[in-house]
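All remarks here apply to the structure that follows.
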Amino acid sequence: MHQALRIDEILQLIFDFCSDLPDTRPRWTYAQLARCCKTWTDPALDRLWRRMDGLGPLLALLPTMDDEPTVDVTPSFEAAAKRVRQILHTKSSTPSFRLPDGYGPNVFPNLEAATLSHSGCLIPHIWRTSERIQRVSVSLSFSRKETDAHIIAWNDAVARYLEKLRVCAPHFHCLQVRGSISDSLNATVASLSQLRSLTIQSSRFLTSNTLAAIATFPALRMLEVHADHIRGEEFEDCLSSLHPDDADAMSFPALEELTIRTSGLLLTVLLTRLPVGVMKKLHLDMVMDAHPRTDMKSVLELLAQKAAGSLRDLLLDDRTERDSLAAVADPNANAEDATSDAHSQRGYTLDDLAPLARVRQLRSFVLKDADLVDGDLEVLARWWPELERLELGANEDVCLSDHEHEHDEGTSQHGCKTRLSPAAYALVARSFRLLESLSLSAPPPRALEVTTFVAQVTSLAVGDARAMPGYTADAAPAVVDALLAIFPALKRLDSPDTEVIERFETALADSRT
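Going by numbering that gives the first Met the number 0, the letters in the sequence shown line up with residues 0 to 512, in that order.
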């Protein structure tokens with residue numbers, strides 16, 4: 000054996016390659032490598048047993064003894080159990096026999112991560128608990144019936160499990176919960192103040208009291224939560240009850256990353272309570288509960304006050320229904336006027352985004368509902384000179400520019416309207432010197448442009464080239480040539496037009512030969 004293959008770093012790279020093999024081949028390969036030589040035995044077996052999907056492989060190492068209530072633990076069973084770091088439980092069924100009384104208290108003493116799904120939440124503690132547990136992921140069903148017996152049983156079991164970890168697992172810091180959560184599980188989550196990372200995707204089941212308790216966690220750095228059902232006033236009252244002597248007490252003292260589904264009022268309360276200079280990443284999935292442009296601009300003003308020097312990553316996805324919002328704002332307006340007002344406010348304008356000019360260190364900006372013109376992009380480049388990722392409009396939207404709508408009476412079989420033109424791509428390439436990823440809803444250009452481009456974009460998503468007047472399938476090569484002239488470092492292209500994608504892949508393959 001070459002001496003290099005005895006170096007652990009090189010050996011781990013080989014094992015990493017094996018882990019990417021399809022189906023069951025990684026486990027078979029690790030087993031073969033473990034038999035190859037003594038030097039590789041332990042590291043290969045560590046990889047083989049590192050993750051378990053259920054108890055079957057481990058139980059196969061125990062002797063088969065029919066009708067025996069207790070089974071002796073074999074050395075191979077004990078050795079394998081010590082290697083397990085991650086386990087997935089999807090079923091509550093456990094062996095009919097018992098392990099010896101002196102064995103335990105946990106089967107997996109070095110377990111670091113446990114995933115519990117549905118009835119797997121009912122698995123006994125001995126098969127999922129360890130003093131070294133760091134991460135827990137729980138998947139519960141979504142049910143409209145709050146009295147569903149299965150959901151309640153799973154919730155109660157998870158609540159007891161987390162309570163046990165809170166006491167016996169000092170390194171437990173990461174929790175993910177998806178599904179309907181009960182009052183008991185809400186209360187348990189509210190007590191886990193040691194968490195540094197928390198994800199709760201539970202639709203309407205998270206309570207205001209629980210969210211307020213989470214806001215006090217001193218070490219929480221990452222939070223992902225569905226909270227659009229929580230009213231801002233109710234959340235503020237819950238926070239005030241936790242700090243009766245300090246109405247302006249800061250919340251989320253260490254929070255750096257927040258992904259939240261929220262209403263406008265709740266977001267305002269939350270931002271008001273944030274400390275200054277801590278937030279680095281903010282992803283907002285919003286349904287505004289008042290006039291969107293006015294309210295959101297004030298929210299962005301507040302965000303700039305709190306995170307002008309720290310924010311690096313911002314995503315804004317506003318799912319507000321414009322028609323219904325206009326009707327609520329003016330109930331006396333007729334339907335035609337309300338619809339006209341809604342269409343006149345198609346998305347966020349440069350003026351709406353103006354407060355973000357203070358966020359000079361922004362690296363990533365994603366806006367799903369943009370209403371910008373070409374010249375606005377130059378302003379954004381001056382605001383955010385360090386920007387590496389820019390997405391304006393969802394790349395799955397297929398849009399026409401204003402010019403094309405003039406010839407199509409404002410409608411098209413291809414989708415929505417954008418005020419960005421094909422010239423926007425070259426403008427971006429000239430303005431953003433550090434940009435690596437770009438997504439615009441404008442149709443791509445077809446004409447080559449000779450100029451100096453500074454952007455080093457490697458990933459690009461474009462609007463539909465078919466939206467341009469007179470476009471035919473044989474125009475795809477011209478589109479690709481124009482894009483490659485603007486973005487010579489391009490490695491990945493997304494487009495609704497398959498002809499453009501196929502032509503790009505051909506051009507990319509030719510450049511490598």
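Ideal Cβ placement from N, Cα and C applies to all residues, glycine included.
Burial state of residue i (16 or more Cβ within 10 Å)
i	result
I180	buried
Q133	buried
D7	exposed
A446	exposed
C120	buried
D509	exposed
P123	exposed
I442	Residue identity differs from the one stated: residue 442 is Pro in this sequence, not Ile. P442 is buried by the Cβ-count criterion.
R502	buried
D513	With the chain covering only 0 through 512, there is no way to say anything about residue 513.
V166	exposed
D496	buried
T512	exposed
V449	exposed
S240	exposed
F204	buried
L194	buried
G103	exposed
K367	buried
Strand pairing of residue i, partner residues [DSSP]
i	result
A113	I86, V135
I259	V224, L283
E77	Its beta-bridge partners do not exist; DSSP assigns none.
F364	L313, L389
L439	L391
R177	S138, Q200
Y347	A369
T28	Partner(s): none; T28 has no beta bridge.
Delimiting residues of the beta strand (DSSP E) encompassing residue i
i	result
D493	491 to 493
I199	196 to 200
M249	Where M249 is concerned, there is no enclosing beta strand (DSSP E), given that its DSSP letter is neither H nor E.
L459	458 to 460
R50	50 to 52
Presumed contact (8 Å Cβ cut-off) between residue i and residue j, rounded CB distance
i	j	result
G53	L98	About 17 Å; that fails the 8 Å criterion.
L483	A506	7 Å
L371	L433	L371 to L433, Cβ: 20 Å. No contact.
L349	V378	6 Å
L492	L459	5 Å
L283	T261	7 Å
L265	I229	6 Å
Own chain, CB closer than 8 Å to residue i, minus 5 neighbours either side, in chain order
i	result
A422	D373, P444
A158	S181, S183, L184, A186, T187
T293	Caution applies to T293, whose pLDDT of 47 falls short of 50 and renders its modelled position unreliable; the model cannot decide the point.
A488	Q455, V456, T457
D318	Looking at the sequence itself, residue 318 is Arg, so the reference to Asp does not match. Here the set comprises D284, M285, V286.
T215	S192, L241, S250
S118	T89, K90, S91, H149, W153
H172	Q133, R134, Q193, L194, R195, S196, A218
Delimiting residues of the alpha helix (DSSP H) encompassing residue i
i	result
S207	207 to 213
S239	231 to 241
R388	No alpha helix (DSSP H) holds R388; the beta strand (DSSP E) holding it covers 388 to 391.
I122	Looking at the DSSP string, I122 is not in any alpha helix (DSSP H), and its letter there is neither H nor E.
Y424	423 to 430
R445	Note, R445: premise wrong, no alpha helix (DSSP H); not H, not E.
H149	148 to 167
S192	Note, S192: premise wrong, no alpha helix (DSSP H); not H, not E.
R498	The sequence as given places Glu at residue 498; Arg does not occur at that position. Segment 497 to 511, the alpha helix (DSSP H) holding E498.
C36	Looking at the DSSP string, C36 is not in any alpha helix (DSSP H), and its letter there is neither H nor E.
Q11	7 to 18
D480	475 to 485
P56	55 to 58
Sequence-distant residues of the same chain with beta carbon closer than 6 Å to residue i, five excluded per side
i	result
L33	Checking the sequence shown, residue 33 turns out to be Ala, not Leu. Cβ neighbours of A33 beyond the five flanking positions: T40, A43, L44.
Q200	R177, H225
C237	S207, N208, A211
S494	V461, I500
E498	A472, A475
E223	T198, T258
W382	A356
Q175	S136, T198
S436	R388, S458
E405	Residue placement at E405 is flagged as unreliable, the pLDDT there being 44, under the threshold of 50; a coordinate-derived value is accordingly withheld.
A591	Look at the range of the chain in this structure, 0 to 512, and you will see that residue 591 is not part of it.
E111	R84, R131, Q133
E504	none
7 Å CB neighbourhood of residue i in its chain, flanking five on each side removed
i	result
A303	P354, L355, R357, V358
L60	T73, S75, F76, A79
Minimum Cβ-Cβ distance from residue i to chain D less than 8 Å
i	result
A168	Any reference to chain D falls outside this structure, which holds one protein chain only.
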